[in-house]
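Working notes for the structure below.
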Amino acid sequence: MYKKLLERLSAGDELTRDEYLYLIRHRDEARDEAAAMARALCEEYYGRSVFIRGLIEFTNICRNNCFYCGIRAGNEKCERYRLTPEEIITCADNGYSLGFRTFVLQGGEDPYFTDGVLCGVVRELKRRHPDAAVTLSVGERSRESYAALREAGADRYLLRHETSNRRHYEKLHPASMSFDNRQRCIDDLKELGYQVGVGFMVGSPYQTEEDLAGEMIYLRDVKPDMVGIGPFVPHHDTPFGAFDAGSAEMTTFLLSLIRLTLPDVLLPATTALGTVDPAGREKGILAGANVLMPNLSPAGVRGKYLLYDNKICTGDEAAACIECLKARIKKTGREIVTARGDRAERRI
Ligand code: SAH
7 MYKKLLERLS
17 AGDELTRDEY
27 LYLIRHRDEA
37 RDEAAAMARA
47 LCEEYYGRSV
57 FIRGLIEFTN
67 ICRNNCFYCG
77 IRAGNEKCER
87 YRLTPEEIIT
97 CADNGYSLGF
107 RTFVLQGGED
117 PYFTDGVLCG
127 VVRELKRRHP
137 DAAVTLSVGE
147 RSRESYAALR
157 EAGADRYLLR
167 HETSNRRHYE
177 KLHPASMSFD
187 NRQRCIDDLK
197 ELGYQVGVGF
207 MVGSPYQTEE
217 DLAGEMIYLR
227 DVKPDMVGIG
237 PFVPHHDTPF
247 GAFDAGSAEM
257 TTFLLSLIRL
267 TLPDVLLPAT
277 TALGTVDPAG
287 REKGILAGAN
297 VLMPNLSPAG
307 VRGKYLLYDN
317 KICTGDEAAA
327 CIECLKARIK
337 KTGREIVTAR
347 GDRAERRI
């Protein structure tokens, strides 16, 4: 039964939520075939290339209080930092000379980074490196703000929806945050012409297998350019500190299902996946992922952008990180390339 479902998925057929649920429940039997099919499909669009994105975690100051996140406003133990616009640009310059052609600016929802300040950073990055893509991942903002940032030159935006189930969303976030606003943001970003990434944590508290099946339907309907998923990992100073982490096994299986559902999607093997399993990122690539996002943040602040416990690569310099990743990926038979890495328009 699972073989038939995988074949239908791979041939472009739409599965129902119950069919996805069946696959998720039978993941132990289905995983190897799902991964092989996902890999083959990925190669049809992207060949053997794995794209890298330089991640600049430029502020851990945040006005929000997501129950899962280590940099939530309510975490008084979090040692806060904010890079200056000049520091962000230096970081990107350094990344450019290491070969990066995409910069991902990620941070908490820090009021210091008004449209004026952030647009200035984006404009300067695009002026210095017109051949590089700029991705923003700075949470929920107004439509006007997204429009101004796009106008300033931002190409892509990552805003994980976190869960497509309203009731589940309300269990992960305080009442001051809203499911509808998150969805509104995603709609606005799409309409403004960004390449948009959504995503969710695997194994977040209260998530069920039914919810995960629902995520596959959500992704198929939204048709994002990128999908970021990684296991939930508890952070000890958050309300979810005592929950279990999500598993690498479930995450890699879902990566395969996502690849089979959205063949040309850009799909990172995330740092969280590398955190719950030392070979997690390689396993992610072998399951159908084609993007890695190594850290470019200055060594002095890396250990402070802690969304969850035991995060990997917090001590390494960017140059060392990239050498390590290159060696790891080579072993999987794939190759890191320094292209912008836009979503493929057609099979190669
Ligand atoms: N403030 C930005 C960036 C958030 S951090 C935003 O709201 O989009 C990027 C992602 O890290 C989040 O979207 C969330 O899915 C993930 N994350 C946060 N806490 C986590 C945890 N404890 N375990 C795993 N992933 C987590």
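Quick note: the sequence shown, position 119, residue 125 per our numbering, numbers continuous. Ideal placement from N, C-alpha and C gives every residue a C-beta, glycine not left out. Nothing here was measured: the structure is a model prediction, and the numbers come from that model.
Is there at least one non-hydrogen atom of the ligand SAH closer than 7 Å to the beta-carbon of arginine 166? For this step, residue 166 is matched to residue 160 along the sequence shown. True, at least one ligand heavy atom lies under 7 Å from that Cβ.
Might you give, ordered along the chain, the residues of its own chain that have their beta carbon closer than 7 Å to the beta carbon of leucine 142, omitting 5 neighbours on each side? On the sequence shown, residue 142 is found 136 positions in, with the first residue counted as 1. These residues qualify, in order along the chain: Leu111, Leu155, Ala160, Tyr163.
Compute the minimum distance between the beta carbon of phenylalanine 238 and the heavy atoms of the ligand SAH, and state whether it is under 7 Å. For the purposes of this step, residue 238 is taken as the residue at position 232 of the sequence shown. Yes, the beta carbon of phenylalanine 238 sits closer than 7 Å to at least one heavy atom of the ligand SAH.
Looking only at its chain, what residues have a beta carbon closer than 6 Å to the beta carbon of tyrosine 224, apart from the 5 residues adjacent to it on each side? Counting from 1 along the sequence shown, the entry for residue 224 is found at position 218. The residues are Ser170.
Nearest-angstrom Cα separation, counted from methionine 222 out to leucine 11: In the sequence shown, residue 11 corresponds to position 5, counting from 1. In the sequence shown, residue 222 corresponds to position 216, counting from 1. If you take the alpha carbons of leucine 11 and methionine 222, they lie about 14 Å apart.
With a cut-off of 8 Å, do at least 3 Cβ pairs link the stretch 57-65 to the stretch 77-92? yes
I'd like to confirm something about methionine 207: is its beta-carbon nearer than 7 Å to some heavy atom of the ligand SAH, or not? Your numbering for residue 207 matches position 201 in the sequence shown. At least one heavy atom of the ligand SAH is nearer than 7 Å to the Cβ of methionine 207, so yes.
Quick check on the burial criterion: 16 or more other C-beta atoms within 10 angstroms. Buried or exposed for tyrosine 118? In the sequence shown, the residue the question calls residue 118 occupies position 112. Its Cβ having fewer than 16 others within 10 Å, tyrosine 118 is exposed.
In the DSSP assignment, what are the bridge partners of isoleucine 235? As a first step, residue 235 must be located in the sequence shown, where it is residue number 229. Paired residue(s): Phe206.
Run through DSSP, which three-state label would asparagine 100 get? As a working mapping, residue 100 is identified with position 94 in the sequence shown. If DSSP states are grouped into helix, strand and coil, asparagine 100 belongs with the helices.
Could you compute how far the alpha carbon of proline 284 sits from the alpha carbon of glutamine 189? For the purposes of this step, residue 284 is taken as the residue at position 278 of the sequence shown. For the purposes of this step, residue 189 is taken as the residue at position 183 of the sequence shown. The straight-line gap from Cα to Cα measures roughly 33 Å.
Residue interval of the alpha helix (DSSP H) (run including arginine 287): Here residue 287 is taken as the residue at index 281 of the sequence shown, counted from 1. Unbroken alpha helix (DSSP H) run through arginine 287: 286-292.
Comparing alpha-carbon positions, which option in Glu150, His242, Leu261, Pro230 lies nearest glutamine 201? Here residue 201 refers to the residue found at position 195 when the sequence shown is read from its first residue. Here the closest residue by C-alpha is Pro230.
Could you tell me whether the stretch 193-212 touches the stretch 12-29, where touching means 3 or more Cβ pairs closer than 8 Å? no
Measuring only the C-alpha atoms, how far is isoleucine 342 from alanine 278? The residue labelled residue 342 in the question sits at position 336 within the sequence shown. The residue labelled residue 278 in the question sits at position 272 within the sequence shown. Cα to Cα, the separation comes out at about 20 Å.
Would you call the stretch 325-333 and the stretch 305-312 in contact, with 3 or more CB pairs under 8 Å? no
Drop a sphere of 10 angstroms on the beta-carbon of proline 237, count the other beta-carbons inside from all chains shown, and report buried for 16 or more, exposed for fewer. As a position in the sequence shown, residue 237 is number 231, starting the count at 1. Answer is buried; the Cβ neighbour count reaches 16.
Which residue or residues does DSSP assign as beta-bridge partners of alanine 139? Along the sequence shown, one-based indexing puts residue 139 at 133. DSSP, once it has assigned bridges, lists Thr108 as partnering alanine 139.
Rounded to whole angstroms, what's the CA-CA distance from alanine 333 to serine 184? Just pull it up for me. As a working note, residue 333 is residue 327 in the sequence shown. As a working note, residue 184 is residue 178 in the sequence shown. Rounded to the nearest angstrom, the two C-alpha atoms are 42 Å apart.
Determine the direct distance from the alpha carbon of isoleucine 335 to that of aspartate 319, and round the result to whole angstroms. To locate residue 319, count along the sequence shown from 1; it is residue 313. To locate residue 335, count along the sequence shown from 1; it is residue 329. In the sequence on display, residue 319 carries cysteine and not aspartate. One C-alpha to the other measures close to 16 Å.
For the stretch 27-40 against the stretch 98-115, are there 3 or more C-beta pairs whose distance is under 8 Å? no
Measuring straight from C-alpha to C-alpha, what distance separates glycine 145 and leucine 29? Position 139 of the sequence shown holds residue 145. Position 23 of the sequence shown holds residue 29. Rounded to whole angstroms, glycine 145 to leucine 29 spans 32 Å at the Cα level.
Identified DSSP bridge partners for glycine 321: Position 315 of the sequence shown, counting from 1, holds the residue named residue 321. None; glycine 321 has no bridge partner.
Alanine 153 versus leucine 198 - alpha carbon distance: Position 147 of the sequence shown holds residue 153. Position 192 of the sequence shown holds residue 198. When rounded, the distance between both Cα atoms is 6 Å.
So isoleucine 192 is in the alpha helix (DSSP H); what residue range does that whole segment cover? As a working note, residue 192 is residue 186 in the sequence shown. It spans 185-197 - the alpha helix (DSSP H) in which isoleucine 192 sits, taken as one unbroken run.
In or out: cysteine 330 buried (at least 16 other Cβ within 10 Å) or exposed? Your numbering for residue 330 matches position 324 in the sequence shown. Under this definition cysteine 330 is an exposed residue.
Residue burial classification, threonine 244 (beta-carbon count within 10 angstroms, cutoff 16): To locate residue 244, count along the sequence shown from 1; it is residue 238. Buried is the call here.
What span of residues does the alpha helix (DSSP H) with phenylalanine 64 cover, start to end? In the sequence shown, the residue the question calls residue 64 occupies position 58. First-last for phenylalanine 64: 60-65, but that is the beta strand (DSSP E), not the alpha helix (DSSP H).
Verify the contact flag: leucine 313, CB atom, against every heavy atom of the ligand SAH, threshold strictly below 7 Å. Sequence index remark: in the sequence shown, residue 313 carries index 307 (1-based). Yes, the beta carbon of leucine 313 sits closer than 7 Å to at least one heavy atom of the ligand SAH.
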